[in-house]
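Numbering (this note's numbering), first residue to last: 56 to 751.
Just so you know, even glycine gets a beta-carbon here, dropped at the ideal spot from N, CA and C.
Remarks on the structure that follows.
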Ligand code: NAI
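Structure follows, in structure tokens:
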């Protein structure tokens, strides 16, 4: 794992976490800090001790650093990040390695990331197991490598490659790492044995990376790498900081460059973005903890049946295949199945073409999927998941069928976005086995998974759903049953308030650009166009009968739909789109519809500032989030922050809507809440934010 490791060692721990062995004149320092061998103080001190020992002891010719358990040093101990670091810090350990007169070998299996890979970079030789990954993922945590990573890596890979690796935070598989020069060799057999051989082969020779020159490269290539990095940064301050340190560091002496890097690292470490990203990091882990499930063992799931091979069904199939499950994909017709299969095949073909996976791996993965129109195949599955049309008339009979077909102990899941899970669960006749697994589109890419716990879902089934989320590498959040669960409900409130602002005088494109500048991947109107306006339109029609006529209702989206403007797929929605695809442009037709709605509403018009737009939109999210917490649909504030970042394009470096709200001056937030109440008018539920923000 990235500099994303956790340690279980309590703060203030005195004992070191490195065991020593000796073999054939080589001192073997074995990192022993389960579960992920984070670079906690005890590890750093243990490594410093190893170097001291090797320096003094004439019987030692070389040192090998290797991880005990399942990994090398997988990253720094993030728990230590927000606090003053205890000595020895990583740069001091690195200095000890470089000053040690005997060569030091890093033998990497599992993950050698962040501070772990920086330690490997200080060694005289790096060898990794075939399935190991290495890299410098710090920028994702709002910081930069702070122990020489930005200065040593370019000496091995060249500047433009180092820029790409550091600013993309990419974890590089060992075979590719060897090609790039990040490591010296890939072990073909036993890692420890081959590392020992390499240690002997060095015959006492030091080969410090710091003494190498940075390979010559054309300035043009370096500039192109910098430009690409900035394009991907999207407001993340750590990326330009890394670029500056890489460029300036290359032009000064090595020690001065290290000092420059460390200063930038220290500045970022305490900054707002790094704090927000650490909040997200811990939110993801905390979301796994659900009251009452501590001692519940999950069921074993290996074969997954997916009913519905549409957009979602095929994406979900890829997600399960990638995680090693067997998948049976079912649809009503051969045509629907063929289309689903083609989507899945295309996904792997693209991954192979882009070099993300090897052809034989793709072939092996695809061998784990079976497609059929025969529902009876579901009887063989441990998990039966439906992703059929979003209508009770379709889903209720499907749930009845799943209930009848599922073998004892199997779990039945629905991917519904809005329907009442309890009603679906009752239809199955086995409500205790039913859970919502709400994936987001595209299901194999979007990181969020909402696990929807019905009134009668058994604890074991919830625990299994969480275990599935973990194996799928999703950010998994448990939600209770309610319209839109967590994410869609908050997003609906946000979008509603953005529409209020449009009706009161702000242009849709102003709202989008203000929120994009705040850091959203896309503004709400661009998102609507992308996903299609018809889905929400259908939902509004479904809810129309129960809507109180006194509640404020903005007609613009309905009128756009009536005019056939359903979004990108019809060439226009909120924006117009060029036939060849690409960015939308403000549409005259939309402006006309907006103007008509404004007139029809009779509301006073006024200009909005960008700041006001952002405050209002985010306060709407925070208000709805607090209501969800009060209703018990979400269990904690950080779960909501996690959901909005991983499913709705909320910028991770802003921490999430409640993290954001907790950092606003109380008077400013209160004023924004007053504006929300005034804009919404009748029926607005104003949440009490104080208790929520105290814990955010
Ligand atoms: P889709 O229309 O692309 O696919 C639905 C598939 O289900 C079609 O291939 C259809 O032939 C099949 N189907 C319908 N009735 C069936 C039956 N009785 N037996 C077997 N197959 C049947 O729809 P999409 O977008 O994949 O959505 C599916 C579900 O996923 C819906 O419940 C939707 O709310 C949910 N969802 C959709 C999201 C999205 O962004 N599209 C996001 C999250 C959830």
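Between the CA atoms of residue 496 and residue 398 - distance to the nearest angstrom: 14 Å
Report buried or exposed for residue 23, applying the criterion of at least 16 other Cβ atoms within 10 angstroms of its Cβ. Because residue 23 is not part of the residues shown, which for the chain are 56 to 751, the question remains open.
Cα separation between residue 182 and residue 633? 51 Å
Would you call the CB atoms of residue 797 and residue 563 closer than 8 Å? The chain is shown from 56 up to 751; residue 797 falls before or after that span and cannot be answered.
Given residue 208, which residues of its chain have a CB within under 6 Å of its CB, disregarding the five upstream and five downstream residues? 217
Starting from residue 700, trace the alpha helix (DSSP H) both ways and give me its first and last residue. 692-702
How many angstroms separate the CA atom of residue 140 from the CA atom of residue 325? One C-alpha to the other measures close to 12 Å.
Can we count residue 471 as close to the ligand NAI, meaning its CB is less than 7 Å from some heavy atom? Distances from the CB of residue 471 to the heavy atoms of the ligand NAI include at least one below 7 Å.
Near residue 433, which residues of its chain fall below 6 Å by C-beta distance, leaving aside the five closest residues on each side in sequence? Scanning its chain for C-beta atoms nearer than 6 Å, with the 5 sequence neighbours on each side dropped, one finds around residue 433 the residues 360, 439 and 460, in chain order.
State yes or no: is the C-beta of residue 496 nearer than 7 Å to some heavy atom of the ligand NAI? yes
In three-state terms, what does DSSP make of residue 12? Outside the displayed span of the chain (56 to 751) sits residue 12, for which this structure offers no information.
Rounded to the nearest angstrom, what separates residue 265 and residue 158 at their Cα positions? 14 Å
Between which two residues does the alpha helix (DSSP H) holding residue 299 run? Boundaries of the alpha helix (DSSP H) harbouring residue 299: 293-305, taken from the DSSP string.
Which value, in whole angstroms, describes the spacing of the CA atoms of residue 490 and residue 693? Rounded to the nearest whole angstrom, the C-alpha separation of residue 490 and residue 693 is 22 Å.
The ligand NAI heavy atoms versus the CB of residue 552: any closer than 7 Å? no
Status (buried if at least 16 other CB within 10 Å, exposed otherwise) for residue 740: exposed
State the Cα-Cα distance for the pair residue 350 and residue 518, rounded to the nearest angstrom. 10 Å
Check the C-beta distance from residue 706 over to residue 167 and give it rounded, since I have them as a contact under 8 Å. Actually they are not in contact, since the Cβ atoms of residue 706 and residue 167 sit about 29 Å apart, beyond 8 Å.
Candidates 162, 96, 142 and 107, of which the one nearest residue 133 by Cα: 96
What does DSSP give as the partner residue(s) for residue 82 in the beta ladder? 77 and 118
Run the proximity test for residue 445: is its beta-carbon closer than 7 Å to any non-hydrogen atom belonging to the ligand NAI? yes
I need the straight-line Cα distance from residue 173 to residue 584, nearest angstrom please. 44 Å
For residue 167: DSSP bridge partner residues: 189
Contact between the stretch 472-489 and the stretch 505-514 is defined here as three or more beta-carbon pairs at a separation below 8 Å; is this criterion met? yes
Report all residues from its chain with a CB closer than 7 Å to the CB of residue 569; omit the five preceding and five following residues, and keep chain order. Only 665, 668 and 669 meet the Cβ criterion.
Is any non-hydrogen atom of the ligand NAI found closer than 7 Å to the C-beta of residue 453, if you look at the structure I gave you? yes
Pick out whichever of 153, 142, 657 and 278 has its Cα sitting closest to the Cα of residue 117. 153
Would you grab the beta carbon distance between residue 559 and residue 660 for me? Rounded to a whole angstrom, and I think it's under 8 Å. 7 Å
Whole angstroms are fine: how far does the CA of residue 396 sit from the CA of residue 369? 7 Å
Applying the 10 Å Cβ sphere with the 16-neighbour rule, what's the burial state of residue 596? That one is exposed.
Proximal residues to residue 472 (C-beta, below 7 Å), its chain only, five neighbours per side dropped: 445, 493 and 543
Name the DSSP beta bridge partners of residue 439, please? DSSP output for residue 439 lists 360 and 467 as bridge partner(s).
Status (buried if at least 16 other CB within 10 Å, exposed otherwise) for residue 57: Note on residue 57: pLDDT 38, under 50, position unreliable in the model; no value is reported.
Under 7 Å: does the beta carbon of residue 383 sit that close to some heavy atom of the ligand NAI? no
Residue 367 CB to nearest heavy atom of the ligand NAI below 7 Å: yes
Three-state secondary structure (DSSP) of residue 494: strand
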